[in-house]
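Colleague: Convert by adding 680 to the 1-based position in the sequence shown; the result is the number in the numbering used here.
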Amino acid sequence: MATATETTIAQKLEALMKLQNIDSALDNIKKVRGDLPEEVRDLEDEIAGLETRLAKFQSEVENFNTQINNYRNSKKDSEKLIAKYKEQQMNVRNNREFDAVSKEIELQGLEMEIADKRIKEIDIKVLNKNDEIGGVESNLFERNKDLELKKKELEVIIAESEEDEQKLLKDREKALKATEERLLKSYTKLRDNARNGLAVVMVSRGACGGCFSSVPPQRQTDIKDKKKIIVCEHCGRILAGVTDPQPGEVKEKKTRATKVSAAAAAAATAE
Ligand SMILES: [Zn+2]
681 MATATETTIA QKLEALMKLQ NIDSALDNIK KVRGDLPEEV RDLEDEIAGL ETRLAKFQSE
741 VENFNTQINN YRNSKKDSEK LIAKYKEQQM NVRNNREFDA VSKEIELQGL EMEIADKRIK
801 EIDIKVLNKN DEIGGVESNL FERNKDLELK KKELEVIIAE SEEDEQKLLK DREKALKATE
861 ERLLKSYTKL RDNARNGLAV VMVSRGACGG CFSSVPPQRQ TDIKDKKKII VCEHCGRILA
921 GVTDPQPGEV KEKKTRATKV SAAAAAAATA E
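1) At which residues does the beta strand (DSSP E) containing Gly-877 begin and terminate?
2) Which residues end up in the neighbourhood of ligand 1 when you take C-beta atoms closer than 6 Å to any of its heavy atoms?
3) Go ahead and label Gln-898 buried or exposed: buried means 16 or more other beta carbons lie within 10 angstroms of its beta carbon, across all protein chains shown.
4) Excluding sequence positions up to five away, which residues of its chain have a Cβ less than 7 Å from the Cβ of Lys-698?
5) Tell me where the alpha helix (DSSP H) around Val-781 begins and ends.
6) Between which two residues does the beta strand (DSSP E) holding Ile-918 run?
7) Is the distance from the Cβ of Ser-754 to the Cβ of Ala-795 below 8 Å?
8) Any idea what DSSP makes of Ser-884, helix, strand or coil?
9) For the structure I just gave you, are there three or more beta carbon pairs, one from the region 847 to 865 and one from the region 701 to 708, closer than 8 Å?
10) Excluding the 5 residues preceding and the 5 following Phe-778 in the sequence, name in chain order all residues of the same chain whose CB lies nearer than 8 Å to its CB.
11) Can you tell me whether Ile-910 is buried or exposed? The criterion is at least 16 other CB atoms within 10 Å of its CB, across all chains shown.
12) Under the DSSP definition of a beta bridge, which residues are partnered with Ser-758?
13) Report yes if the C-beta distance between His-914 and Ser-884 is below 8 Å; otherwise report no.
14) DSSP state of Ser-893, grouped into three classes?
15) In terms of DSSP beta bridges, what is Val-911 paired with?
16) Is the beta carbon of Asn-819 less than 8 Å from the beta carbon of Leu-730?
17) Fully enclosed by the region 692 to 779, which alpha helix (DSSP H) runs are 4 residues long or longer?
18) To the nearest whole angstrom, what separates the beta carbons of Leu-696 and Leu-863, a pair I think is in contact under 8 Å?
19) Which of helix, strand or coil does DSSP assign to Arg-899?
20) I need the boundaries of the alpha helix (DSSP H) containing Glu-860, first residue and last residue.
21) Going by beta-carbon coordinates alone, are Pro-912 and Gly-886 separated by less than 8 Å?
22) Using the beta-carbon count (16 or more within 10 Å), is Lys-1014 buried or exposed?
23) Which of the three DSSP states, helix, strand or coil, is assigned to Lys-865?
24) With DSSP run on the structure shown, which of helix, strand or coil describes Lys-906?
25) Express the C-alpha separation of Val-741 and Asn-810 in angstroms, rounding to a whole number.
26) On the CB-based measure, 16 or more other CB atoms within 10 Å of its CB, does Arg-721 come out buried or exposed?
27) Using a threshold of 8 Å, state whether the C-beta atoms of Gln-788 and Ser-739 are closer than that.
Okay, structure coming up:
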């Protein structure tokens, strides 16, 4: 039977490890959600941009059509004027008057030709713009389809993880109660500073599970004894235990550790 102190340290480490596992699971849930909402927002932004462009193009076409109508109306005016001038020509009193009216008719004819030319030019612009509108519309159709899918995906993921999240949060409450305040403070600080969110790790294959620096065999033995809380010398993470390695690996690690210390000793002597 272990002494009371030993049991306490072991329990503290167990509680910390449990808390770490819960927090890592919560981190994963956030990570999965973190991507999708962003993708949905990006798509919504893109669609809004396409809709703005579509509206702009459509108003340009409207504008072109107004211009075409204006030219058609001015052509009708010219036709009326020409008819009026032709009537006047019947009643002229001399050649000078006849020539003057002929000039007016000629002028209105020119106006009509110019109007026809402009109408043709604008018709081409309308055709091109309608092509662009078609492109934007098919793009919009595709993006909307993507958005629909992503939104559904997100809904499913949120629905799926919501249950897990609730359970984890409940478990977390329990784990927090089982954790000493002082340890919780260092745990929180370590987690805030660690990019992978790991504050409590196991020693695995002779290395710290957080930063993968090797942990000397004697230290591993101390960690296994659980008489005190031991942190990684390199990253400061709490080492909660040692996962049982294969017998071959222990030998290999030992050899390497010995070589490293031998090299360090040689270097110290050289200096
Ligand atoms: Zn470490």
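Glycine included, C-beta positions come from ideal geometry on N, C-alpha and C.
Modeller: Looking at the atomic coordinates:
1) Taken as a continuous stretch (DSSP letters only), Gly-877 belongs to no beta strand (DSSP E), as it is neither H nor E.
2) Cys-888, Gly-890, Cys-891, Ser-893, Cys-912, His-914, Cys-915 and Arg-917
3) exposed
4) Ala-855
5) 775 to 857
6) 918 to 922
7) yes
8) strand
9) yes
10) Gln-769 and Val-772
11) buried
12) Looking at the DSSP assignment, Ser-758 forms no beta bridge with any residue, so it has no partner.
13) no
14) coil
15) Ile-918
16) yes
17) none
18) 6 Å
19) helix
20) Run containing Glu-860: none; DSSP gives neither H nor E here.
21) Rather than Pro, the amino acid found at residue 912 in this sequence is Cys. Taking 8 Å as the Cβ cut-off, Cys-912 and Gly-886 do not qualify as a contacting pair.
22) No answer is possible for residue 1014: the residues shown for the chain start at 681 and end at 951.
23) helix
24) coil
25) 8 Å
26) exposed
27) no
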